Amino acid sequence: MVRWFHRDLSGPDAETLLKGRGVPGSFLARPSRKNQGDFYDLYGGEKFATLAELVEYYTQQQGILQD
């Protein structure tokens, strides 16, 4: 299992986990309970066909994501 993927974590729990244990550059991924579909995105932004593509894009775009 990939350490950054959390299948059963809610949005608020994800935020708590990152605020408590995260360091700059930390991230985690989880399935959306509200917006299920055949693509991956962050808050309605750029859409990707695979989770790997999303992670690669945002890890290469340092500083694009904010708290």
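Per my numbering, the sequence shown starts with residue 256, numbered consecutively. Just so you know, even glycine gets a beta-carbon here, dropped at the ideal spot from N, CA and C. Quantities reported herein were computed from a predicted structural model and do not represent experimental measurements.
For this session: Give the secondary structure of A304 by DSSP, where H, G and I count as helix, E and B as strand, and everything else as coil.
Result: coil
Exercise. Looking only at C-alpha atoms, which of T305, F260 and G299 sits nearest to S281?
Worked result: F260
Problem set entry | Contact set for L309: own chain, Cβ-Cβ below 6 Å, skip 5 residues either direction | Y295 and F303
Exercise. For L264, which option in L283, Q316 and A307 has the closest C-alpha, if you only look at C-alpha atoms?
Worked result: L283
Exercise. Of the choices V278, P286, E270 and G299, whose alpha-carbon is the least far from that of R262?
Worked result: P286
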